[in-house]
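In what follows, a structure is listed as structure tokens, so that the remarks can point back to it.
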Amino acid sequence: MGDLRDLYQEVILEHSKAPRNYRELKNADHKAEGFNPLCGDRFTVYVEMDGDSIRDIGFQGSGCAISKASASMMTQSLKGKTRKEADELFHRFHDVVTGQASADGDGPDLGKLAVFGGVSEFPLRVKCATLAWHTVQAALEGKQEAVSTE
Amino acid sequence: MSTAIKMPLSPAQPGRRVRSGFDVEKVRRDFPILREKARGHDLVYLDNAATSQKPQAVIDATVRYYTSENANIHRGVHYLSELATEEYEKARKAVQSFINASRASEIIFVRSATEAINLVAQTYGRVHVGAGDEVLITAMEHHSNIVPWQLLCEEKQGKLQVAPINDQGDLILEEFERLLGPRTRIVALGHVSNALGTVNPLKKIIAMAHARNIPVLVDGAQAAPHVAINVQDLDCDFYALSGHKMYGPTGIGVLYGKTELLEAMPPYQGGGDMISSVTFKKTVYNRVPFKFEAGTPNMAGAVGLNAAINYLNSLGMDNIAEYEHELLAYATEAVSRIPGVRLIGTAKEKAGVLSFIIEGVHPHDIGTILDQEGIAIRAGHHCAQPVMERFGIDATARASFALYNTTAEVDALVRGIKKVQEVFA
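Chains A and R, in that order, are what the protein sequence lines are. Heads up: the first sequence begins at 7 in my numbering, then just goes up one per residue. Heads up: the second sequence begins at 1139 in my numbering, then just goes up one per residue.
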């Protein structure tokens, strides 16, 4: 298992304390709820589209530092992305937090999201890091049921 | 929260031994897993409300059973079957005397406390709860003492009533009594709350219900490792036990029921062992307790449970309760004096559980950071989501104690909490 500082990097702690885009979107075209029944993390993600691109994205809810920071930084990364780009970014992010790929390897540039690479050393926390991503996928696919990590 | 870290933490006497004559170091040597390392540190196992560790005597009994005693029970004509049956029935008698039941036949082996509650809901419950009837539980129940009753009420169009708790986590007795109505068919409540540690005043509660001829089921999963149980003194009608929470193996539990109730109840599952005779026209059920033990039971589990009970008896439940009471008092004082920490569950009488939250830190993060120090706690809703809702939180961090925990481990927990606060400062 890795060092705690690999998991709780400054930027992650900072986002968890002051999450960005932490708001409901009144004009959301898509909305979904994500739930991790193991720890009680619960987020709602709102997406407003402009054609095939994400014009605006926000989230609300409660959860641990990892899940909240991940949701916050995800909203920053996804703004302006097309559905396809968002999907590719999620797959890349998923591979990195599960340790299947390194943050500096091939694929779409993770940018600041690379700080979540430390999560791969903490397998129990992968679900925390990916909850918001699963939720935004569900939102874009128009699923009505709350997504669950279990 | 940085002030919290600078403040010297001075629990009454760090690392002191508690007063009682209980030799915890000797007890610790009986539990081989306590010699294991976790993440490079000495294991500090404070997740006992989830499951307890096993003394060597329990491990040995299980190995011995499979090594030299195993055969199917109640049916063989041979030596080993006779031996296995004897061991299994010895375990029943051990449970009988452990909870002071009046007869061994009032002890039914099941696979868990959960199954014990489901058994009562699906047999006694289905007979006695009809449309408009009520089942009364409390706001501090584990999901296993909520959902079986919800299923029953859904099927029978009954109504689940929930007696509220106060801000300390005590049942509000006046409200409970008010909810005991003419349609209440059964009361089901925990002896000790797994999320809050509250010990319910069972004798008072059971007397209130019995004054209205309402039977009471007690979920004793969290009580059995901590306090002496006397079902005749309590006068409860049903009592559910979990083997693995009281130093026994997983997959074995107990339902105690008063004879007259058990005899009147229909069977739970059909199968071998629970019958006297079977024809395609009619089956005659076996007598209690066998009527409720369909199929080959968990024989090794029963043998292991017997060993766990012997182990507890050798230490003495009163000694264990006294030691743990002092340990919990020590932990409560040490943890509650850390600035930024709030205890959830401060009932008048508690056993085994210290639930807490740290300002600005989610319990899941607390769990991960403590884990890095080799400290095992639970973070989450503890299968008691309504309890979390009652306190307006999503989750707590829960340290839960066993007879092998020490004040030095509590001190490690305190240092771990300070580390959490440092990371999140």
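For every residue, glycine included, the Cβ atom is placed at its ideal position computed from N, Cα and C.
**OP:** Compute the Euclidean distance between the alpha carbons of I1343/R and S22/A, then round it to the nearest angstrom.
**Re:** 45 angstroms
Subject >> Close Cβ partners of G1442/R (< 6 angstroms) along its chain, the five nearest in sequence each way excluded >> reply: V1196, A1199, T1200, G1386, P1387
Original post:
Helix, strand or coil: how does DSSP classify Q1288/R here?
Top reply: helix
Original post:
Between the beta-carbon of V1576/R and the beta-carbon of I1495/R, is there less than 7 angstroms?
Top reply: No answer is possible for residue 1576/R: it lies beyond the span of chain R, which begins at 1139 and ends at 1563.
Original post:
Apart from the five residues just before and just after T1141/R, which ones in its own chain have a Cβ nearer than 8 angstroms to its Cβ?
Top reply: Low per-residue confidence applies at T1141/R: pLDDT is 35, beneath 50, and the placement is therefore not dependable, though the value from the model is reported in the following sentence. Result list for T1141/R: P1477, in chain order.
Original post:
What is the C-beta distance between Y14/A and V1561/R, in whole angstroms, given that I count them as a contact (C-beta under 8 angstroms)?
Top reply: 5 angstroms
**OP:** Determine which residues of the segment 1442 to 1459 of chain R have a Cβ less than 7 angstroms from any Cβ of chain A, and write them out in chain order.
**Re:** none
Original post:
Below 8 angstroms, can you find three or more Cβ-Cβ pairs linking the segment 1524 to 1539 of chain R to the segment 1326 to 1346 of chain R?
Top reply: yes
Subject >> Simplified DSSP assignment, three categories, for M1278/R >> reply: coil
**OP:** Would you check if the distance between the CB atom of V132/A and the CB atom of T104/A is smaller than 7 angstroms?
**Re:** yes
**OP:** With a cut-off of 8 angstroms on the beta carbons, I'd call I1303/R and R1553/R a contact; round off their distance for me.
**Re:** That belief does not hold up - the Cβ atoms of I1303/R and R1553/R are roughly 32 angstroms apart, past 8 angstroms.
**OP:** Could you work out which residue in T1434/R, V1273/R, G1319/R, L1289/R is closest to L1298/R when comparing CA atoms only?
**Re:** V1273/R
Original post:
Whole alpha helix (DSSP H) runs in the segment 1350 to 1396 of chain R with 4 or more residues, listed along the chain?
Top reply: 1369 to 1372
**OP:** Let me know the secondary structure DSSP gives A1459/R once reduced to three states.
**Re:** helix
Original post:
So, helix, strand or coil for Q66/A, using DSSP?
Top reply: strand
Original post:
Exposed or buried, which one is Q1295/R when buried takes at least 16 other CB atoms within 10 Å?
Top reply: exposed
Original post:
In angstroms, rounded to a whole number, what distance separates the CA positions of A24/A and G1178/R?
Top reply: 34 angstroms
Original post:
Looking at chain R, which residues of the segment 66 to 78 of chain A have a Cβ within less than 9 angstroms of any of its Cβ atoms?
Top reply: S68, G69, C70, A71, I72, S73, K74
**OP:** Verify whether the separation of the beta carbon atoms of N1358/R and A1326/R is less than 7 angstroms.
**Re:** Strictly speaking, residue 1358/R in this sequence is Gly, with Asn absent from that position. Contact flag unset, no.
Original post:
Ends of the alpha helix (DSSP H) at Y1449/R?
Top reply: 1437 to 1453
Subject >> Limits of the beta strand (DSSP E) - the one that A1326/R falls within >> reply: 1322 to 1328
**OP:** Report all residues from its chain with a CB closer than 7 angstroms to the CB of K1231/R; omit the five preceding and five following residues, and keep chain order.
**Re:** A1242
Original post:
Does any residue of chain A bring its CB to less than 7 angstroms from the CB of V1561/R?
Top reply: yes
Original post:
Is K55/A helix, strand or coil by DSSP?
Top reply: According to the sequence displayed, residue 55/A carries Met and not Lys. The answer is strand: DSSP assigns M55/A an E or B state.
Original post:
Run through DSSP, which three-state label would N1543/R get?
Top reply: coil
Subject >> T136/A burial status per 10 Å Cβ neighbour count (16 or more: buried) >> reply: buried
Subject >> Residues of the segment 1509 to 1526 of chain R with Cβ closer than 9 angstroms to any Cβ of chain A, in chain order >> reply: D1509, Q1510, A1517, G1518, H1519, Q1523, M1526
Subject >> G1433/R and G1410/R closer than 7 angstroms at C-beta >> reply: yes
Original post:
Terminal residues of the continuous alpha helix (DSSP H) containing N33/A?
Top reply: No alpha helix (DSSP H) holds N33/A; DSSP gives it neither H nor E.
Subject >> For V1479/R, the nearest candidate out of E1471/R, A1366/R, K1486/R (CA to CA) >> reply: E1471/R
**OP:** Spell out whether any CB of chain A is found under 7 angstroms from the CB atom of A1361/R.
**Re:** no
Subject >> Classification of R1323/R by the beta-carbon crowding that lies within 10 angstroms, buried from 16 upward >> reply: buried
Subject >> Same chain, Cβ closer than 6 angstroms to L1400/R, neighbours up to 5 away in sequence not counted >> reply: V1426
Original post:
Under a Cβ-count criterion, where at least 16 other Cβ atoms within 10 Å of its own Cβ denotes burial, should D62/A be classed as buried or exposed?
Top reply: buried
Original post:
Are there 16 or more other CB atoms within 10 angstroms of the CB of F1247/R, so buried, or fewer, so exposed?
Top reply: buried
Original post:
Using a Cβ-Cβ cut-off of 6 angstroms (strictly less than) and excluding sequence neighbours within five positions of P1353/R, which residues of its own chain qualify?
Top reply: I1324, D1375
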